[in-house]
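All remarks here apply to the structure that follows.
In our numbering, the protein residues as written are 216 to 546.
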């Protein structure tokens, strides 16, 4: 009886192991997104509104990129970093809008395992790249205002492209580590209570201990909090230097204020999502949860080019010239 019982237990363990392996196969798992439950009745209205928002976001970012690329006078470090910020904004918007548009149009609220990890990868890459790029932009403004005589010696074109390359490389390394740690987890559920796939939502579905993911998440968070602290320290010095002269105050308002608005906007938007993902309640209003979850993917890519386009005279003039030429060609 003891031998039979042991065999029976072994058989049960093997069955459970096989079921777990099958469940975690990328070909088998299909996640269900529960963030669009209230949009079924008015989904065509939502679709048109979100599509217009996506097209407008892409348009203003592409316009700003074209203005910087085509105008040789805008090939300074500040504008190149801004161009990189707009490219990253397109990546962030494209990580969210196409999937939600597809879900609303075809009434489909599912995503495959590979698709989910891909969306997480792109979203995390956008977030990490945005944080690092804003830090680099703060360094550029610090050198421009606090060390104006040495600016062109310090911020050479070679150094600018190196910083941009390192921004993308470090962001890629960070997100790769996060995805590898998530992909190794066996899962015991498929329900994601968000409009899109997020890393923490998938980690919470795991059947095993996720301490390593939790620790790595805090390491990523605190590393970028440290970047934010560096930005704040640099801006304290920038403000002190700007207040000394009227020209410094004017330069601060024209070039540093847009960056400060962009930074605050992104940090607050991202903080809402991080805090709600870890400590939020599923009993709160669905609309409020959705707004808090997508703000960092919708607002910064939309607002950043508008803020810079309005405040920076050279960009505004170049965009105006582009449109005048376009109208002349059409006529």
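For each residue, glycine too, the CB sits at the ideal point set by N, CA and C. This one's a predicted model, so the numbers in the text were calculated from it and none came from an experiment.
Give me the Cα-Cα distance between residue 524 and residue 243, rounded to the nearest whole angstrom.
47 Å
Can you give the Cα-Cα distance for residue 387 and residue 247, rounded to whole angstroms?
27 Å
In three-state terms, what does DSSP make of residue 227?
Low per-residue confidence applies at residue 227: pLDDT is 46, beneath 50, and the placement is therefore not dependable, though the value from the model is reported in the following sentence. Reduced to three states, the DSSP call for residue 227 is helix.
Rounded to whole angstroms, what is the Cα-Cα separation between residue 402 and residue 419?
9 Å
Based on Cα-Cα distance, which residue from 482, 308, 409 and 455 lies nearest to residue 502?
409
Which of the three DSSP states is assigned to residue 244 in this structure?
coil
Name the two residues that bound the continuous beta strand (DSSP E) containing residue 417.
Not the beta strand (DSSP E): residue 417 falls in the alpha helix (DSSP H), residues 414 to 418.
Run through DSSP, which three-state label would residue 188 get?
This structure does not reach residue 188, given that the chain is present from 216 up to 546, and the question cannot be answered.
Tell me whether the beta-carbon of residue 370 lies closer than 8 Å to the beta-carbon of residue 529.
no
Pick from 327, 344 and 458 that is closest to residue 360, judged by C-alpha positions
458
Quick check on residue 291: does DSSP put it in helix, strand or coil?
coil
Take every Cβ of the stretch 448 to 464, pair it with every Cβ of the stretch 347 to 367, and state whether three or more of those distances are shorter than 8 Å.
yes
Backbone secondary structure at residue 388 - three-state DSSP
helix
Determine the extent of the alpha helix (DSSP H) in which residue 337 is found, giving its start and end residues.
328 to 361
Local conformation of residue 325 per DSSP, three classes
strand
Burial state of residue 488 (16 or more Cβ within 10 Å):
buried
Starting from the C-beta of residue 282, find all residues in its chain whose C-beta is less than 8 Å away, skip the five residues before and the five after it, and write them out in chain order.
289, 530, 533, 534 and 537
Locate the alpha helix (DSSP H) running through residue 272, then write down its first and last residues.
258 to 285
Would you identify the three-state DSSP class for residue 503, choosing helix, strand or coil?
helix
Taking the C-alpha atoms as reference points, what is the distance between residue 412 and residue 331?
5 Å
Using CA atoms only, rank isn't needed, just tell me which of 316, 344 and 263 is closest to residue 442.
344
Of the listed residues 375, 321 and 333, nearest to residue 297 (C-alpha basis):
375
Is it buried or exposed for residue 422, if we count other Cβ within 10 angstroms and need 16 for buried?
exposed
For residue 416, count neighbouring C-beta atoms within 10 Å of its own C-beta (all shown protein chains included) and say buried if the count is 16 or more, exposed if not.
buried
Here's the rule I'm using: 16 or more other beta-carbon atoms within 10 Å means buried, otherwise exposed. How should residue 241 be labelled?
With a pLDDT of 47 at residue 241, under the threshold of 50, the predicted position of this residue should be treated as unreliable, and no value is reported.
With DSSP as the reference, please indicate the residues paired to residue 381 in a beta bridge.
Paired residues: none, contrary to the question.
Ordered along the chain, which non-local residues of its own chain (more than five positions away) have a Cβ less than 6 Å from that of residue 467?
457
Tell me whether the beta-carbon of residue 350 lies closer than 8 Å to the beta-carbon of residue 517.
no
For residue 406, which of helix, strand or coil comes out of DSSP?
strand
May I ask you to report which of helix, strand or coil DSSP gives residue 310?
coil
Give me, in chain order, the residues of the same chain whose beta-carbon lies closer than 6 Å to that of residue 305; leave out the 5 immediate sequence neighbours on both sides.
276
Rounded Cβ spacing between residue 249 and residue 407 (contact assumed at less than 8 Å)
7 Å
Give the DSSP bridge partners of residue 169, in chain order.
Examination of residue 169 is not possible in this model, given that the chain is present from 216 through 546 alone.
Where residue 251 falls: helix, strand or coil (DSSP):
coil
Among 483, 303, 346 and 522, which residue has its Cα nearest to the Cα of residue 506?
483
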